[in-house]
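Residues in the sequence shown are numbered from 1 upward in steps of one, following UniProt numbering. No residue lacks a Cβ here, since even glycine has one placed at the ideal position from N, Cα and C.
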Amino acid sequence: MPAKAEAKHTKEVAKADAKESKAVAKADAKEAAATADAKADVASAKADAKEAKTKAHHKAAKAKAKADEAKAEATPTK
């Protein structure tokens with residue numbers, strides 16, 4: 001292969017490799033972004049669940065206190 005043709009071929013191969021590398025990098029970046037979004041969603045869901053659990057615990061504690069108070073009032077004193 002003449003030097004000029006070989007240089008052209010090498011340039012074309014390098015260009016194709018660069019294009020492929022760019023596509024792979026873009027796909028990897030998309031995947032990383034999707035993973036980060038999923039992790040953020042999981043963290044948000046965990047925080048929401050923890051908040052809901054805390055609120056439920058507080059409501060249960062208030063209900064128990066009211067029930068104990070009602071029981072104390074209903075119990076006849078001697």
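By DSSP, does residue 89 sit in helix, in strand, or in coil?
The chain is shown from 1 up to 78; residue 89 falls before or after that span and cannot be answered.
For Thr77, which three-state DSSP category applies?
Sequence index remark: in the sequence shown, residue 77 carries index 77 (1-based). Thr77 falls in the coil class under three-state DSSP.
When the Cα atoms are used, what is the spatial distance from Pro76 to Lys53?
Numbered from its first residue, the sequence shown carries residue 76 at position 76. Numbered from its first residue, the sequence shown carries residue 53 at position 53. As the crow flies, the alpha-carbon of Pro76 is around 36 Å from that of Lys53.
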